[in-house]
């Protein structure tokens, strides 16, 4: 029936800094250093967050000289949306059945 | 993003009757899912069983977390081996001419995390959706 999205994606987007990274990358690809400049947390911390996002398949990177340029690969977020819409259909159907059941029961 | 799902429905029936339909295993088998061993007490672990399918292992493991007759019931809900455990909450309110049922199904994160995560996420999903369409 209902298969949840991979925990990695949920975990990845549960953190506000990582969501902000996704927002920034939604504007266009960017080197890690430039991304880190938009945060008060350390470059190492930003790198770590990028690593989590990369492992969840939400960002990809390519080398550009000595730097790495990151870009958004947001397709896995669709799984999150799918997860919800499947449950939505499921519960809408069940709540209607509950209504029918109540109508038919004394 | 939605780790959270909220639905509301009003039924033209008294709250006690709706509560009974939510807490009687025979009634649950009719309107929700077949084959359950639900019992209305906190701490009760129960399962809904169905035929396994490629994307469904065939059972949903649940536990009664909160039971406040006749207004509130919360279950934990785990429908897959690898997925996150989730929570299902039923809230009943007597209204003019019937009962309103508010149902929520949320990911198993602390409420503050869910609130933080969900705020503004719809807009972000749209932005990302547009982004995906463009690429």
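Residue numbers (my numbering), protein chains in the order written: chain A, 1 to 106; chain B, 107 to 241. Heads up, the beta-carbon is just placed ideally off N, CA and C, and yes, glycines get one too.
- In the DSSP assignment, residue 207(B) falls within the unbroken beta strand (DSSP E) covering 204 to 213.
- Beta-bridge partners assigned by DSSP to residue 174(B): 178(B).
- Residue ranges of uninterrupted alpha helix (DSSP H) with 4 or more members, entirely inside the segment 126 to 169 of chain B and ordered along the chain, are 131 to 137.
- Using a CB distance cut-off of 8 Å, residue 94(A) counts as an interface residue toward chain B.
- A residue is called buried once 16 or more other Cβ atoms fall within 10 Å of its Cβ, and residue 99(A) is buried on that count.
- When the five nearest sequence neighbours on each side are left out, the beta carbons in the same chain lying within less than 6 Å of the beta carbon of residue 200(B) are those of 121, in order along the chain.
- Residue pairing of residue 63(A) in beta bridges, as defined by DSSP: 68(A).
- Residue 30(A) carries a strand assignment under DSSP once its states are collapsed to helix, strand and coil.
- DSSP places residue 53(A) in the uninterrupted alpha helix (DSSP H) bounded by 43 to 55.
- In terms of Cβ geometry, residue 165(B) and residue 154(B) form a close pair [threshold 8 Å].
- Residues of chain A whose Cβ lies closer than 8 Å to the Cβ of residue 136(B) are, in chain order, 97 and 101.
- Per the coordinates, the alpha-carbon of residue 134(B) lies some 30 Å from the alpha-carbon of residue 10(A).
- Not one beta carbon of chain B lies nearer than 8 Å to the beta carbon of residue 39(A).
- With contacts defined by Cβ atoms closer than 8 Å, residue 59(A) and residue 31(A) do not form a contacting pair.
- Within the same chain, and ignoring the five residues on either side of residue 143(B) in sequence, the residues whose Cβ sits closer than 6 Å to its Cβ are 152.
- One thing to note: residue 52(A) has its Cβ no nearer than 8 Å to the Cβ of residue 36(A).
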